[in-house]
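Read the structure below first, then the notes.
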Amino acid sequence: MIKNIFKLMMVAMVLLGPVSAYAQTPDLFNKLAVAEDLSEQERLVKKVSLTENALNQAVARVEKIETDLNALTFAENSKETTSRQAFLADMESHKNFYNQKLETLSQIGSLSDVNTLIQEIIDYRETVYSPATKSALEFLLVFSYSPTALETANNRLSKISEDLTKLTRLNLIEREEFSALISEAETKLTGAERLQAISRAKLLGEEFIEEIIENTTSTEEIIIEETLNETELMLDVTTSTEIIDSTPSIEELVPEESPELSLETLNALGPLDLAQMSLDLIKDVYSTFMEAGDRIKTILGIVDPIEEATEPEDAAQ
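Right under this line is the structure:
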């Protein structure tokens, strides 16, 4: 029972990293250089090979997004379903473009033609692919990634609460000692849920953001505002290429001034910013879980196996 309090407590943290699994490397087509000391024919063969590989990777990334979009479950004829179908149509168009370029590449016979093809691909990615895919990734973050993280944290909180009740019945702990921590976790998760609701509303163009804010308690408002200030997210969404091909660190997203929580502020934030704020709140909840776990271990006199293993060495010193 006691072990259950700590078991898998941090497993859900893997859900809280950046949503850059779709593209963690710089743009493939800007890195297709070949050695100058090769013959022209060798350079042609090498560059064709590199371009083919880059195109195949681009197709694979599009297919990954398609798979994740299809994995989402929405009500029939809902706005979410309509948006997903539009994104899937975009992905099909991107695949067709890349496959057409693969066909063209197979018939190319000169370096200049390869370079021309590569530039066409780069131009397409900058003007068509990147903006469309940025929106698709925002959609996935808001409707898949963030809700999954929130659900996992809520389930974890429920399990910890149940175990605290069991330990209290056994007269091993006083549940009241953990009331503040449990309340803090519940408030943060409610704040995270509200931020996700706002991000969904913004993404779908719905007009009930003000209603969500009006229903937010003063405590939840403070929690959300603290998250806004602590994470220091920019009001401006980063460029589409940055969203797709890299994930900026928090340090890279520091604005000159931290905004205050208000309808105006939340309207200025994009769905991606709001979803990230929600994830930051969920991360904080896991710190609360760890604090609760440490308290229980102290009360029950449980020694961490790692600490126990180092005690003899420490004593010898």
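Just so we're aligned: the sequence shown equals residues -23 to -1, 1 to 294 in mature numbering (1 follows the signal peptide of the UniProt record, and there is no 0). Backbone N, C-alpha and C define an ideal beta-carbon position, used for all residues, glycine too. What you are looking at is a predicted structure, and each value in this text was computed from that prediction instead of being measured.
Assign Leu118 to one of two classes, buried (16 or more other C-beta atoms within 10 Å of its C-beta) or exposed (fewer than that). buried
Under the rule that 16 or more other beta-carbon atoms within 10 Å means buried, what is Gln18, buried or exposed? exposed
Are Ser169 and Ile259 touching if we call contact CB-CB under 7 Å? For the record, residue 169 in the displayed sequence is Ala; it is not Ser. Yes, Cβ-Cβ distance for Ala169 and Ile259 is below 7 Å.
Pairwise C-alpha distance: Lys179 and Phe120: 12 Å
Chain-order list of residues whose beta-carbon lies under 7 Å from that of Lys56 (same chain, five-residue window excluded): Leu181
Ignore the nearest five residues each way along the sequence and tell me which others in Val39's own chain have a CB closer than 6 Å to its CB. Met68, His71 and Lys72
Tell me whether the region 256 to 273 and the region 148 to 162 touch, counting them as touching only if at least three CB pairs, one residue from each stretch, are closer than 8 Å. yes
Report buried or exposed for Ala126, applying the criterion of at least 16 other Cβ atoms within 10 angstroms of its Cβ. buried
Rounded to whole angstroms, what's the CA-CA distance from Val262 to Leu166? Just pull it up for me. 7 Å
Where does Asn76 sit, in a helix, a strand or coil, going by DSSP? helix
Which one of Thr265, Phe6 and Ile150 has the shortest CA to CA distance from Ile99? Phe6
Leaving out five residues on either side along the sequence, give the residues of the same chain with a beta carbon under 7 Å from the beta carbon of Ser138. Ile159
Can you tell me whether Ser264 is helix, strand or coil according to DSSP? helix
Segment limits, alpha helix (DSSP H) that includes Tyr168: Note that residue 168 corresponds to Gly in the displayed sequence, not to Tyr. Start and end: Ser156 to Leu181.
Beta-carbon gap between Tyr75 and Leu32 smaller than 7 Å: yes
For Leu63 and Glu29, I'd like the C-alpha separation in whole angstroms. In the sequence as presented, Leu is not what sits at residue 63; that position holds Ala. Approximately 28 Å, taken between the alpha carbons.
Helix, strand or coil for Lys8, going by three-state DSSP, please let me know. coil
Are the beta-carbon atoms belonging to Leu134 and Leu251 less than 7 Å from one another? no
Does the beta-carbon of Thr275 have 16 or more other beta-carbons within 10 angstroms, so that it is buried, or is it exposed? exposed
What's the gap between the Cα of Glu53 and the Cα of Leu46? 15 Å
So, using beta-carbon positions, are Leu144 and Phe155 closer together than 7 Å? no
Thr265 classed as buried or exposed, judged by whether at least 16 other C-beta atoms fall within 10 angstroms: buried
Considering only C-alpha positions, which residue in the set Leu243, Arg61, Ser89 and Thr110 is nearest to Leu21? Ser89
Continuous alpha helix (DSSP H) stretch holding Tyr122: start and end: Segment: none, Tyr122 is in no alpha helix (DSSP H) and carries neither H nor E.
The alpha helix (DSSP H) enclosing Ile98, as first and last residue numbers: Leu88 to Tyr101
Apart from the five residues on each side of it in sequence, which residues of its chain come closer than 6 Å, Cβ to Cβ, to Ile279? none
Residue nearest to Glu124 in terms of C-alpha spacing, selected from Leu149, Ser176, Ser112 and Thr104: In the sequence on display, residue 124 carries Pro and not Glu. Considering only alpha carbons, the answer is Ser176.
For Asn132, which three-state DSSP category applies? helix
When the distance is taken between beta carbons, is Ile85 closer than 7 Å to Leu9? no
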